[in-house]
Amino acid sequence: MELPKYPHCAIICGQTGCGKTEFVLDLLEKEYCHVFKHIVILCPTIQWNKAYKNREWIGDVRKPKTKNLIIVNPIVKEEEKLQELLRMFFKKYAGYPTLYIIDDCSATKELTKKKDMLSELAFSGRHAEQSVWVISQRYNSVLKDLREQTKWLCMFYTKDRDSFDNCLRENDVIPTLEERQRIKEELKKKKHRKLILKTDQPTDFWLLD
Numbered sequence: 008m009e010l011p012k013y014p015h016c017a018i019i020c021g022q023t024g025c026g027k028t029e030f031v032l033d034l035l036e037k038e039y040c041h042v043f044k045h046i047v048i049l050c051p052t053i054q055w056n057k058a059y060k061n062r063e064w065i066g067d068v069r070k071p072k073t074k075n076l077i078i079v080n081p082i083v084k085e086e087e088k089l090q091e092l093l094r095m096f097f098k099k100y101a102g103y104p105t106l107y108i109i110d111d112c113s114a115t116k117e118l119t120k121k122k123d124m125l126s127e128l129a130f131s132g133r134h135a136e137q138s139v140w141v142i143s144q145r146y147n148s149v150l151k152d153l154r155e156q157t158k159w160l161c162m163f164y165t166k167d168r169d170s171f172d173n174c175l176r177e178n179d180v181i182p183t184l185e186e187r188q189r190i191k192e193e194l195k196k197k198k199h200r201k202l203i204l205k206t207d208q209p210t211d212f213w214l215l216d
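Note that our numbering numbers the sequence shown so that position 6 is 13, with each residue one more than the last.
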């Protein structure tokens, strides 16, 4: 599996407890190790999320982080200030390889407005070395501007049939309906099984346990 290392957008989707966040953190420790100079995490449940707490490089989210890791709790920081925060980080880190992880808050009102900072990151972030990964329970809840700019996606099993079908429809990587249905059935069989879609050319897909 070879995923893009240049600035890009990605979406990771699946129901609660499927291993979305663990998968992302594994990528940062392995395949994407040393790719990003700065990492900004926005997650409303990060203080109680074991996936984050169990990583040595994150640890206790209440303690000061190393200079290249910033954690923002969107519940503590009022929603109307999320745009200001994203804009501030964008300006501060422009020109430096930076990753924004938006975990479980992509459906909040403030982050789904048209022409907001998330849209700007999706369309223009690559020119400033900025990447965005959105972790969400539902594909359909992710801002459409960002969905249109993704270079890869990870889909775990979800009970929301529309999310899965829309993802495969919008990202025409798997050629036949029969193959799509087969993969959907395979995802049902094992909890942490996932489908990776590489939408950048040459397109490809992988089914991983």
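Beta carbons are placed, not taken as given, at the ideal position from N, Cα and C, and that holds for glycine.
Judged by beta-carbon spacing, Ile48 lies beyond the 9 Å limit of Cys161, meaning their Cβ atoms are not closer than that value. Per DSSP, Ser138 is one residue of the beta strand (DSSP E) stretching across 137-143. Around the C-beta of Tyr107, 16 or more other C-beta atoms lie within 10 Å, and the residue is accordingly described as buried. The C-alpha of Asn56 lies about 15 Å from the C-alpha of Gln22. Under DSSP, Phe163 takes part in a beta bridge, and its partners are Lys201. His134 sits in a helix when the DSSP states are folded into three classes. Asn75 and Pro104 have their C-alpha atoms roughly 11 Å apart.
Going by DSSP, Ile181 is part of no beta strand (DSSP E) at all; its letter is neither H nor E.
Just so you know, the alpha carbons of Gln156 and Asp169 end up roughly 20 Å apart. In the DSSP assignment, Val79 is bridged to Leu49. The beta carbon of Arg133 lies closer than 6 Å to those of Pro14 in the same chain, with the five residues before and after it left out. In the structure shown, Asp111 falls within a coil segment according to DSSP collapsed to helix, strand and coil. About 6 Å separates the Cβ atoms of Tyr164 and Lys195, confirming a contact at the 8 Å cut-off.
If you ignore the 5 residues before and after Val149, its C-beta comes within less than 7 Å of the C-beta of Ile18, Ser113, Val141, Ser143, all in its own chain and listed in chain order.
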